[in-house]
Structure formats: structure tokens, C-alpha cells
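Which chain is which? The protein sequence lines are A and B, in order. One rule links them: number in the numbering used here = place in the first sequence (from 1) + 4. One rule links them: number in the numbering used here = place in the second sequence (from 1) + 4. Note that the Cβ used here is the ideal one computed from N, Cα and C, for glycine as well. Predicted model only: the values in this text are computed from it and were never measured. In what follows, a structure is listed as C-alpha cells, so that the remarks can point back to it.
2 protein chains.
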Amino acid sequence: MSRARRALAPSPDTPVPPAVEADLRVDLGPLPNLVGYAMRRTQVAVFADFIATLSELGLRPAQFSALLLIDRNPGRKQSEIAEALGIQRPNFVAMMDEMDRRGLTRRLTSETDRRSYVLELTEAGRTLLERAVELVSEHEARITRDLSRDEVDLLLGLLARIAN
Amino acid sequence: MSRARRALAPSPDTPVPPAVEADLRVDLGPLPNLVGYAMRRTQVAVFADFIATLSELGLRPAQFSALLLIDRNPGRKQSEIAEALGIQRPNFVAMMDEMDRRGLTRRLTSETDRRSYVLELTEAGRTLLERAVELVSEHEARITRDLSRDEVDLLLGLLARIAN
DNA sequence: TATTGTTATACTCTATAACTATA
DNA sequence: TATAGTTATAGAGTATAACAATA
Chain A
5 MSRARRALAP SPDTPVPPAV EADLRVDLGP LPNLVGYAMR RTQVAVFADF IATLSELGLR
65 PAQFSALLLI DRNPGRKQSE IAEALGIQRP NFVAMMDEMD RRGLTRRLTS ETDRRSYVLE
125 LTEAGRTLLE RAVELVSEHE ARITRDLSRD EVDLLLGLLA RIAN
Chain B
5 MSRARRALAP SPDTPVPPAV EADLRVDLGP LPNLVGYAMR RTQVAVFADF IATLSELGLR
65 PAQFSALLLI DRNPGRKQSE IAEALGIQRP NFVAMMDEMD RRGLTRRLTS ETDRRSYVLE
125 LTEAGRTLLE RAVELVSEHE ARITRDLSRD EVDLLLGLLA RIAN
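Given below as C-alpha cells:
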């Protein structure tokens with residue numbers, strides 16, 4: 005009998021759809037009105053496109069952002085790059101191993117602290133990153149194609165004010 | 005030498021911060037201006053709060069949305085609920101097993117098709133869902149506390165226009 | 001003592017192939 | 001022949017404890 009009480013969102017109370025369609029679509033209830041749910045669903049779709057975009061270069065999202073940060077932050081330690089990306093240090097090791105093996109990055113033993121590595125891109129790494137940046141730029145244009153520049157800025161601003 | 009070319013975002017060209025701080029923060033480059041990156045970072049933070057919110061009921065996010073859909077869609081098959089949630093059918097089985105075991109849901113063999121199950125909530129399931137809906141409502145208010153009602157609607161609208 | 005990179009490990013989420021029983 | 005639920009399995013991503021080398 006009783007549906008769980010609507011403690012959520014001032015329901016827009018969508019009018020009951022015509023009988024034919026009524027049985028086809030599953031009622032998502034308040035889910036579409038939840039910021040968390042909407043953001044997750046959208047993010048999953050965007051991420052899928054992002055992964056597909058980079059896959060032609062054999063890069064995964066975390067690798068792309070790692071290359072970007074290494075390029076922009078010469079002299080930084082492995083642990084600093086990892087932390088900035090929100091990646092646990094242990095999990096960053098295998099990622100660096102693979103990128104080293106592919107000849108995209110190099111780990112130089114620091115001259116001031118022999119415990120740590122200084123990361124840098126190889127020439128191949130820089131070339132690949134440039135191509136990746138182009139592809140990501142296209143991806144960005146693709147996912148925001150229905151939004152104006154102002155709307156994109158608005159979205160970025162709103163996202164920055166969530167969950168802080 | 006050459007940083008990877010800025011094919012991305014009309015950089016707001018943040019003025020170089022004072023020398024003291026310059027070394028502390030890792031330069032994220034164009035990442036913060038990428039909708040995908042911003043959305044992922046925000047979503048991770050929101051999801052962490054969501055998981056913590058439901059953990060006191062022993063529910064995980066997918067279980068919450070499953071309970072919600074079962075409650076709202078009496079007579080639906082297991083596979084229909086799973087698909088509406090974007091969960092692979094095989095992965096939904098263990099979830100239903102656990103919720104059945106906890107006495108939150110029941111699987112009734114369909115009278116019209118003996119291959120399929122009709123899902124329903126038990127009284128305990130409905131009670132737990134009601135409490136969960138309250139907690140999620142508080143979570144929603146918490147993550148959007150810096151936004152007006154109009155801004156939340158604006159955000160939902162913008163998200164809906166991404167990656168479709 | 002504390003930190004850096006590392007190894008080992010475990011847990012969750014997700015994805016696919018293949019089985020069974022029904023249709 | 002196709003579909004619903006299931007099993008088994010594999011791959012990401014993520015998290016923590018603990019060790020060796022160094023500070």
C-alpha cells in the first residue's frame with residue numbers, strides 16, 4: 005500500500021503519461037531530482053566518452069591527468085603528483101611503472117633527497133600528451149555542445165559550490 | 005621546454021601567486037576548467053557523503069535506489085529494475101540475495117511467466133526505505149546548502165543537457 | 001622517528017560468457 | 001530460438017598495512 009513518504013524534492017508532479025507508455029518506463033521516483041543522482045548519471049556518461057576518447061592513445065583518464073601534471077610541475081616528487089590527483093601513493097606506483105615502460109615518463113633520483121623521485125616527461129610523452137590534449141578538447145566540445153560558453157562557466161561555478 | 009599546447013579552455017590566466025605559495029600547490033593546468041574533471045571531482049565528494057549517509061542503515065547507494073524503484077514499481081521484473089538502474093543483471097543478483105536475506109525484499113515467482121520474479125518490499129523494507137529517504141533528503145540539503153532552490157534547478161537542467 | 005617508494009593484499013564495482021529453466 | 005535469473009570469472013579502481021632506504 006503506502007509508498008515511502010516523499011521527504012524529497014517538491015515533486016514537479018509529472019502528469020500521468022498516456023496508458024500505452026505507462027507500462028514501458030520504470031518510475032524513477034525522486035531520483036532524477038536528486039543532485040547526487042543526476043550528477044552521477046551524467047558523470048558516468050561523460051566518463052564513458054572520455055575513456056573512449058583516450059583509448060585510441062592507450063591512455064586511461066588517470067594517466068592523462070598524471071601526464072598533464074608532470075608536464076606542468078617540473079621537479080615535483082612522485083608522491084606530490086599522486087596526492088594532487090587524489091591517487092593513493094601505492095596505486096600510483098604501477099601507473100608510473102607502466103608509463104616508464106612505455107617510454108612516456110622518467111623517474112630521476114632527486115639530488116636533494118635520495119628517497120624520492122623527480123618525475124619528467126620524455127619527448128615521446130610530451131608528443132603523446134599534446135595529442136591527448138587535442139582529443140580531450142574535442143571531447144569537451146562534444147559533451148558541452150548543447151551549452152553556450154556562459155552556460156559552461158555557470159555549470160563549473162555551480163559544481164564548485166557543491167559539497168565543500 | 006615546451007609545455008603541451010593549450011588547445012583547451014580560454015585560460016582565465018590566473019596571476020602568478022606570491023612566491024611563498026608558488027611551491028606549495030601543484031598546478032592542475034586546464035583540469036579545473038574541464039567539465040568532465042570538475043564533475044568527477046564534485047561527484048566523488050558528493051558520493052562520499054552519500055555513502056556515509058546511508059552507511060548507518062547498512063545500505064549502499066545502489067541498494068537504496070533499488071529499494072526506491074521496487075517500492076514505486078510494483079509488479080516489475082528483477083531485470084527491469086536492474087536495467088532502469090543501469091546495473092548489469094548478473095550483478096543485481098547478489099544485491100537482491102543480500103536484501104532478501106536481510107528481510108527487506110521478496111522475490112515472488114510471476115504467475116504469468118515462471119522464468120521471472122516479481123519484486124516487492126517487505127514491511128521492514130518499507131520502514132527502512134522511509135528512514136533512508138529522510139537521511140538522503142538531509143544529505144541533499146547538505147550538499148546543496150550553498151545553492152538557492154533556483155540554482156539547484158538550474159544545475160539539474162544543465163546536467164541534463166550534458167552528454168546526451 | 002618520520003617520510004618515500006614499494007609490495008602485498010583486499011574490497012567494491014563493473015563487464016562478459018555460459019548455464020538452467022522456462023517461454 | 002529467445003529470455004530471466006544465475007554462476008563464475010576477470011578487470012578496473014580504491015584502500016590499508018608493512019617493509020627498506022633514507023632523512
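Closer than 8 Å to chain B by CB, residue i
{"i": "M99/A", "result": "no"}
{"i": "D31/A", "result": "yes"}
{"i": "A26/A", "result": "At A26/A, the pLDDT of 43 sits below 50, so the modelled position is not reliable and the matter cannot be decided from this model."}
{"i": "R93/A", "result": "no"}
{"i": "D154/A", "result": "no"}
{"i": "S15/A", "result": "Its pLDDT being 45, under 50, S15/A is placed unreliably by the model, and the measurement read from it follows with that caveat. No, S15/A does not count as interfacial toward chain B."}
{"i": "A128/A", "result": "no"}
{"i": "A145/A", "result": "no"}
{"i": "L158/A", "result": "yes"}
Strand pairing of residue i, partner residues [DSSP]
{"i": "Y121/A", "result": "T113/A"}
Minimum Cβ-Cβ distance from residue i to chain A less than 8 Å
{"i": "V122/B", "result": "no"}
{"i": "T116/B", "result": "no"}
{"i": "L163/B", "result": "yes"}
{"i": "Q47/B", "result": "yes"}
{"i": "E169/B", "result": "Look at the range of chain B in this structure, 5 to 168, and you will see that residue 169/B is not part of it."}
{"i": "E84/B", "result": "yes"}
{"i": "L112/B", "result": "no"}
{"i": "T148/B", "result": "yes"}
Cβ-heavy atom distance, residue i to the ligand SAM, below 7 Å
{"i": "G90/B", "result": "Ligands displayed in this structure: none; no statement on the ligand SAM is therefore possible."}
Check whether the segment 149-156 of chain A and the segment 42-58 of chain B are in contact - that is, three or more C-beta pairs closer than 8 Å.
Contact between the segment 149-156 of chain A and the segment 42-58 of chain B is absent, because fewer than three Cβ pairs lie under 8 Å.
Name the residues in the segment 33-57 of chain A whose C-beta lies less than 9 Å from a C-beta of chain B; which are they?
Listed in sequence order: G33, P34, L35, P36, N37, L38, V39, G40, Y41, A42, M43, R44, R45, T46, Q47, V48, A49, V50, F51, A52, D53 and F54.
Along the chain, which unbroken stretches of the beta strand (DSSP E) at least 3 residues long are found entirely within the segment 42-116 of chain B?
List check, beta strand (DSSP E) in window: 109-113.
Pull out every residue of the segment 57-72 of chain A whose Cβ sits closer than 7 Å to any Cβ of chain B, in chain order.
For the segment 57-72 of chain A, the residues whose beta carbon sits under 7 Å from a beta carbon of chain B are, in order, S69 and L72.
Counting pairs of beta carbons, one from the segment 29-37 of chain A and one from the segment 70-84 of chain B, are three or more of them closer than 8 Å?
Contact between the segment 29-37 of chain A and the segment 70-84 of chain B is present, because at least three Cβ pairs lie under 8 Å.
Are the segment 90-100 of chain A and the segment 50-66 of chain B touching by the rule of at least three beta carbon pairs closer than 8 Å?
With the cut-off at 8 Å, the segment 90-100 of chain A and the segment 50-66 of chain B do not touch.
Assess, as a yes-or-no matter, whether the segment 61-78 of chain A is touched by the segment 126-146 of chain A under the definition of 3 or more beta carbon pairs within less than 8 Å.
Yes, since at least three Cβ pairs between the segment 126-146 of chain A and the segment 61-78 of chain A fall closer than 8 Å, the two stretches touch.
Segment contact flag, the segment 116-135 of chain A with the segment 109-118 of chain B, C-beta cutoff 8 Å, min 3 pairs
Contact between the segment 116-135 of chain A and the segment 109-118 of chain B is absent: fewer than 3 CB-CB pairs across the two stretches fall below 8 Å.
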